[in-house]
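**Q**
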């Protein structure tokens, strides 16, 4: 690994930053301590401008290079944790009950801070680096919040880049896919309003539980019978709640879940069928059924040329044997997609020694990638803004 000197000398510091962040996770839009730590460190590194409070807890720092160029490259890291109880047994495990950095955003923050330290110390680039620390990536709309708060009007970027750790047991393996790389996602909530009764007299009811169970089964036919097998679509019902007693037929039931897709017309077809099924079940059973379906993540589309540029920067750090541009698309979603709809850019994965999946209570980030990710992001700025 060709770790950049400033970052290599800061390896222990990056480890300490990461462990502190891991021990103090915060849910989206509540990252007050986290953003405070980030702002303090950026200020100590000597960034040219520091802006806080964007979309509530977001932070943006500006670093200007030695040259007088006017091009700007953005680098983004997400900051929020998940409502998961940690089960790693680490000495720096979460001190906040029921909250855990189970997706490695603490590592992403640390890597971008490492890049910031290098860029401020060397400034071997011609233009401006815009360092974006984003709140609330985990389905809460943090990217959209920052954009609505004027992110790219206040800090214009010609291109923008993101990175995500990948627990594949291959430290330093860099992967990227040009084009549609991650799925768009919508969340849905369905309420079935029937009529409850004594369980001894079900004929007096419009059984919301039975209707909801049947609707769940039927929803799972949408992809199989309405979407072309050549198109990717995932529809999952992930919650079904009804009833509170052994002897009461419930009058209300609720369903919830998600749709994942790569094409807007596929999503539109699935959404249309969902609404039609809800309406049909309501008529058939004499119930009232409401569907709340909302887009949460856009399809993440990597610019082809900028994906290649990212790959070249990574090759400088991890070597040609550790990079690939043949990543398969994933039905996972990422709200960095919203930034890429405004500014062209690319999003990559970086492997590490961890092997338990993201969002798992036992997830552990391999700390060996902290200086690797920091070096890739810093080198990317230098390559995109050459002196």
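Numbering (my numbering), first residue to last: 33 to 419. Cβ atoms here follow ideal geometry from the backbone N, Cα and C, with glycine treated the same way.
1. Which full runs of the beta strand (DSSP E) of 3+ residues lie inside the segment 249-299, going along the chain?
2. Please check the pair residue 419 and residue 98, which I expect to be a contact at CB under 8 angstroms, by giving their CB distance rounded to whole angstroms.
3. Relative to the C-alpha of residue 124, which candidate in 335, 51, 325 and 146 has its C-alpha closest?
4. Can you name the start and end residues of the alpha helix (DSSP H) that residue 124 belongs to?
5. Is there contact here, the segment 337-353 with the segment 311-328, by at least three beta-carbon pairs under 8 angstroms?
6. By how many angstroms is the C-alpha of residue 338 removed from the C-alpha of residue 188?
7. Less than 7 angstroms between C-beta atoms, sequence neighbours within five positions excluded: which residues of the same chain meet that for residue 228?
8. Opposite residue 227 in the DSSP bridges: which residues?
9. For a test of the three-state rule: what should DSSP assign to residue 189, helix, strand or coil?
10. Could you tell me whether the segment 127-138 touches the segment 38-56, where touching means 3 or more Cβ pairs closer than 8 angstroms?
11. From this set, 345, 95, 376 and 114, which residue's C-alpha is nearest residue 355's C-alpha?
12. Out of curiosity, what's the CA-to-CA distance linking residue 299 and residue 363?
13. Could you check whether residue 293 and residue 253 sit closer than 9 angstroms to each other, using their CB atoms as the reference points?
14. How long is the line joining the alpha carbons of residue 25 and residue 403, rounded to whole angstroms?
15. I'd like the list of long-range same chain contacts for residue 258, defined as Cβ closer than 8 angstroms, with 5 residues on each side in sequence excluded.
16. Pick out whichever of 331, 415, 396 and 118 has its Cα sitting closest to the Cα of residue 203.
17. Give the list of continuous beta strand (DSSP E) stretches no shorter than 3 residues that lie fully inside the segment 158-224.
18. Rounded to the nearest angstrom, what separates residue 325 and residue 288 at their Cα positions?
19. Which of helix, strand or coil does DSSP assign to residue 39?
20. Considering Cα atoms alone, identify which of 195, 175 and 132 is closest to residue 141.
21. Which whole-angstrom value describes the C-beta separation of residue 385 and residue 398, a residue pair presumed to lie in contact below a C-beta threshold of 8 angstroms?
22. Please classify residue 197 as buried or exposed, where buried requires at least 16 other C-beta atoms within 10 Å of its C-beta.
23. With DSSP collapsed to three states, give me the class of residue 356.
24. Is there at least one Cβ from chain C nearer than 9 angstroms to residue 218's Cβ?
25. When we look at the beta-carbon of residue 270 and count the other beta-carbons within 10 Å, is it buried (16 or more) or exposed?
26. Please report the straight-line C-alpha distance between residue 68 and residue 342, rounded to a whole angstrom.
27. Going by C-alpha to C-alpha distance, which of 119, 120 and 94 sits closest to residue 145?
**A** Answer, in terms of the structure:
1. 265-274 and 284-293
2. 6 angstroms
3. 51
4. Residue 124 -> no alpha helix (DSSP H), and no H or E assigned at all.
5. no
6. 17 angstroms
7. 237, 280, 281, 282 and 283
8. 238
9. coil
10. yes
11. 345
12. 13 angstroms
13. no
14. Look at the range of the chain in this structure, 33 to 419, and you will see that residue 25 is not part of it.
15. 301, 302 and 305
16. 396
17. 160-166, 191-198 and 211-214
18. 10 angstroms
19. helix
20. 195
21. 3 angstroms
22. buried
23. strand
24. Protein chain content of the structure displayed is limited to a single chain, and chain C is not contained in it.
25. exposed
26. 30 angstroms
27. 94
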